[in-house]
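Note that the protein sequences, when read in sequence, are chains A and B. Under the numbering used here, the final residue of the first sequence carries the number 171; numbering is consecutive throughout. Under the numbering used here, the final residue of the second sequence carries the number 171; numbering is consecutive throughout. Ideal Cβ placement from N, Cα and C applies to all residues, glycine included.
There are 2 protein chains.
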Amino acid sequence: MPSQVLIEQSLGAQAFVALLRAHATVTRELSARLDAEHGLTISDFEVLLRLVAAPERRMRRVDLAQEVLLTASGITRLLDGLERAGFVERDSCPTDRRVVYAVLTDDGLAKVREAAATHFAQRDELLGTRLDDGELIELASLLGRLGGRDDAAPCDATA
Amino acid sequence: MPSQVLIEQSLGAQAFVALLRAHATVTRELSARLDAEHGLTISDFEVLLRLVAAPERRMRRVDLAQEVLLTASGITRLLDGLERAGFVERDSCPTDRRVVYAVLTDDGLAKVREAAATHFAQRDELLGTRLDDGELIELASLLGRLGGRDDAAPCDATA
DNA sequence: GCTTTACTATTGACTACGCAAACAATCGTA
DNA sequence: TACGATTGTTTGCGTAGTCAATAGTAAAGC
């Protein structure tokens, strides 16, 4: 039986499959409920969240795409949906006619608030029942190093 | 400006977005290379891996689906592809005529070996350059608790 | 001033799933 | 032994996302 080569228990293997499983488990659960209760995908919600926090509640599509890790075309289609639903509007940039802003509408703001109320609670419950505070901090830190460094210097943001 | 409610820094939030980012980053990279170099998706590869380790290199579709976290229909379509490529064959079960086995072919075995050689190296390099051994163990353990318990009663298997 | 290069956004074609429905086979129970 | 409930698999349809190609705009070199 020459197949033992592939039955591997390396640390990388364990961490990798754990990442796949944890991601699938957690997002499956949360996205099912977010969709059922509010008709949003997780990406939809994450986009709306960034817009709420953005100055004047508007962002360029490119920047939005980068923040939620979608491609340019992915963001276009996602925003198409949010636009159709009336949660965002498009606006043009006076100084650069290539860019199209996504602007959160009042309906959109109401929607995020409504969705956030339940989604955050579900998320914190899902994570909180499995991991305590210290572990969550540790996990976020380890995952953060895998996820690349857009905000790699959180010097003063120490919880 | 009443929107601070949504600008949240809870531990759950940090861990959750870190999970999303890490998963996207890691799988994006690895799956792109696995596809480019071997024409397989990560799920394809994971399925082939389970088959290699399975007794007689065969598994029921249901069990396969559960192990790689796909739905029944997902596994059907995935195996369709692997079958078309000649990496697995279907076989029936003499004692239960509902079940269809997926059986790894010799070509399939060769393929996993070939793919494993590069994929494992890439995976370990990706993880290993960001996290040391102790951190990988810690990460796998934390993620394992989020990923639910297929092996939740490891009475004697206590690490 | 042009021309080349780089950036932003959209579209078409495709893929990897999921869900719900359908169907066959098996099991439990009476 | 008949019959409802459960299990294993497949299929139709829908959806979120990717990549490659396109086009318009902006910036840089000369």
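- Along the stretch 87-120 of chain B, none of the residues has a CB nearer than 7 Å to a CB of chain A.
- Annotation: Arg-33 of chain A to Asp-108 of chain A spans about 43 Å, alpha carbon to alpha carbon.
- In terms of Cβ geometry, Arg-70 of chain A and Asp-103 of chain A form a close pair [threshold 9 Å].
- In the DSSP assignment, Asp-103 of chain A is bridged to A:Tyr-113.
- Setting aside the 5 residues that flank it on each side, Ala-65 of chain B has no residue in the same chain whose C-beta is closer than 6 Å to its C-beta.
- No residue range can be given for Arg-69 of chain B, since it is assigned to no beta strand (DSSP E) and is classified by DSSP as neither H nor E.
- Bounds of any alpha helix (DSSP H) do not take in Thr-53 of chain A, whose DSSP letter is neither H nor E.
- At a C-beta separation below 7 Å, Asp-136 of chain A has these neighbours in chain B: Ser-22, Gly-24.
- Counting only the Cα atoms, Thr-53 of chain A lies some 12 Å from Leu-91 of chain A.
- Taking 9 Å as the cut-off, the Cβ atoms of Ala-127 of chain B and Leu-60 of chain B count as close.
- A straight-line Cα-Cα distance of about 26 Å links Glu-58 of chain A and Gly-86 of chain B.
- Against Thr-53 of chain A, chain B offers no close residue; the least beta-carbon distance is about 12 Å (beta-carbon pairs closer than 8 Å).
- DSSP, reduced to helix, strand and coil, places Asp-92 of chain A within a helical segment of the structure shown.
- Ranking A:Asp-75, A:Gly-98, A:Ala-36 by CA distance to the CA of Asp-119 of chain A puts A:Gly-98 first.
- Among the residues of the stretch 23-51 of chain A, those with a Cβ less than 9 Å away from any Cβ of chain B are Leu-23, Gly-24, Ala-25, Gln-26, Ala-27, Phe-28, Val-29, Ala-30, Leu-31, Leu-32, Arg-33, Ala-34, His-35, Ala-36, Thr-37, Val-38, Thr-39, Arg-40, Leu-42, in the order of the chain.
- Under the criterion of beta carbons closer than 8 Å, Leu-155 of chain A and Leu-31 of chain B qualify as touching, at roughly 6 Å.
- The shortest CA-to-CA distance from Leu-63 of chain B to any of B:Arg-125, B:Gly-140, B:Ser-22 is the one to B:Arg-125.
- If you keep only unbroken beta strand (DSSP E) runs of at least 3 residues inside the stretch 119-170 of chain B, you get nothing at all.
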